[in-house]
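Numbering (our numbering), first residue to last: 4 to 343.
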């Protein structure tokens, strides 16, 4: 099998290739991966220099002709590349359009041309009722992926999406920010003490991507069931654990509330009220089916292990139970997020 990965040098992309290589005991996979981060790609090439089945290239998803060439003979595409930072997308919305929307359409077109079997797109909780440019671009990406199935002959390629919560420990995540602030003796800057978030670690995010590739029928958006935390609890747990390691008294590190940034929500939405009417619950995931089902009559969403074929409540972080501080500390330690 030939697998194509975009954004391989990012937090999720690098974990994805790591897991694929580790699981490929029979050396039956050929991995073709691209990124436009030249320096990071150079070091990754050294890391996988002994793996003859790993091919890494400097490339950009904005270049459709290059994508068509590099995707020849590919069976499965994992599209992870994107402009992800909310504030940077807000300041340069045109760049968000070029990468997150037009770049995704280039992936779709290249997959059609090369008759790829499946394409998996990584979306975001910010695509649900978006309040910023990044979320809007991700919502458009989900819709492009769903629509791409209409034009697939003989139901191939299959295009499906995953919708992430917060990947703790990823580049620029709140864990990295809090850790730096604690290492400097504080203060920790907290947007709002009532802010809540769905969380997952990077290994869990990759598991969602890989499971989606197994489950996908076409046009759906998969959401993993995940714990919810209060950001104020995260800050306090990290202070209590890390402050002594960095030589500070936890009681001396202050938490300052600075208020939410523009376009930032107090709570996260992973599934809207409208989407519940077309959502199937599986043991570990929710599958949100396409809104305009008339165009997908040939697709039978007959997943194994269906728990419920109807979902009554939207999946929102303010409406569900929160992880307590002991469980949160355990989660952070098991995810290796509190290493100095």
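Each residue gets a CB set at the ideal place from its N, CA and C atoms; glycine is no exception.
Quick check on DSSP: helix, strand or coil for residue 272? strand
6 Å CB neighbourhood of residue 11 in its chain, flanking five on each side removed: 20, 36, 38
By how many angstroms is the C-alpha of residue 188 removed from the C-alpha of residue 144? 41 Å
Hey, how far is the Cα of residue 126 from the Cα of residue 63? 18 Å
To the nearest angstrom, report how far apart residue 14 and residue 343 are at their CA atoms. 18 Å
How far does the beta strand (DSSP E) with residue 94 in it extend, from its first residue to its last? Where residue 94 is concerned, there is no enclosing beta strand (DSSP E), although the alpha helix (DSSP H) it sits in stretches over 89-94.
Kindly indicate which residue of 315, 308, 262 has the alpha-carbon position closest to the one of residue 235. 262
Of the residues 312, 257, 281, 237, which one's Cα is nearest the Cα of residue 179? 237
Run the CB neighbour count on residue 254, radius 10 Å, all protein chains shown included, and call it buried at 16 or more, exposed below. exposed
Three-state secondary structure (DSSP) of residue 196: coil
Cβ-Cβ separation, residue 281 to residue 265 (assumed contact under 8 Å), whole Å: Contact flag wrong, Cβ pair sits at about 32 Å.
Do the region 66-77 and the region 108-117 touch if we need at least three Cβ pairs shorter than 8 Å? yes
With a threshold of 8 Å on Cβ separation, who are the neighbours of residue 104 within its own chain once the five nearest residues in sequence on each side are excluded? 140, 143, 144, 147
Residues in the same chain with beta-carbon distance under 7 Å from residue 279, minus the five sequence neighbours each way, listed in chain order, please. 314, 315, 316, 317
Assuming residue 176 contacts residue 170 under a Cβ cut-off of 8 Å, what Cβ separation, rounded to an integer in Å, is found between them? 7 Å
Taking the continuous alpha helix (DSSP H) assigned at residue 115, which residues delimit it? 106-116
The region 191-203 contacting the region 268-276, beta-carbon criterion three pairs below 8 Å: yes
C-beta contact flag for residue 93 and residue 135 at 9 Å: yes
Taking residue 6 and residue 81 to be in contact with their CB atoms under 8 Å, please state how far apart those CB atoms are, rounded to whole angstroms. 7 Å
At the level of alpha carbons, what is the spacing between residue 284 and residue 325? 21 Å
Assign residue 36 to one of three DSSP states: helix, strand, or coil. strand
By DSSP, does residue 346 sit in helix, in strand, or in coil? This structure cannot settle anything about residue 346, because the visible part of the chain is limited to 4 through 343.
Relative to the C-alpha of residue 59, which residue among 46, 68, 90 is closest? 46
By a C-beta neighbour count over all protein chains shown, 10 Å radius and 16 as the cutoff for buried, is residue 26 buried or exposed? exposed
What number of angstroms, rounded off, separates the C-alpha of residue 31 from the C-alpha of residue 277? 42 Å
Quick one: what does DSSP say residue 169 is sitting in, helix, strand or coil? strand
Could you pull out every residue in the same chain whose Cβ sits closer than 8 Å to the Cβ of residue 206, ignoring the five residues on either side in sequence? 18, 22, 338
For residue 233, write down the residues that DSSP places opposite it in a beta bridge. 199
Look at the alpha carbon of residue 29 and the alpha carbon of residue 241, and state the distance between them as a whole number of angstroms. 41 Å
Tell me the rounded alpha-carbon separation between residue 308 and residue 191. 44 Å
Residue 289 vs residue 226 beta-carbon contact at 9 Å: yes
For residue 332 and residue 244, which I take to be in contact (beta-carbon distance under 8 Å), what is that distance rounded to the nearest angstrom? 6 Å
Expected contact under 8 Å - CB spacing of residue 84 and residue 9 to nearest Å: 4 Å
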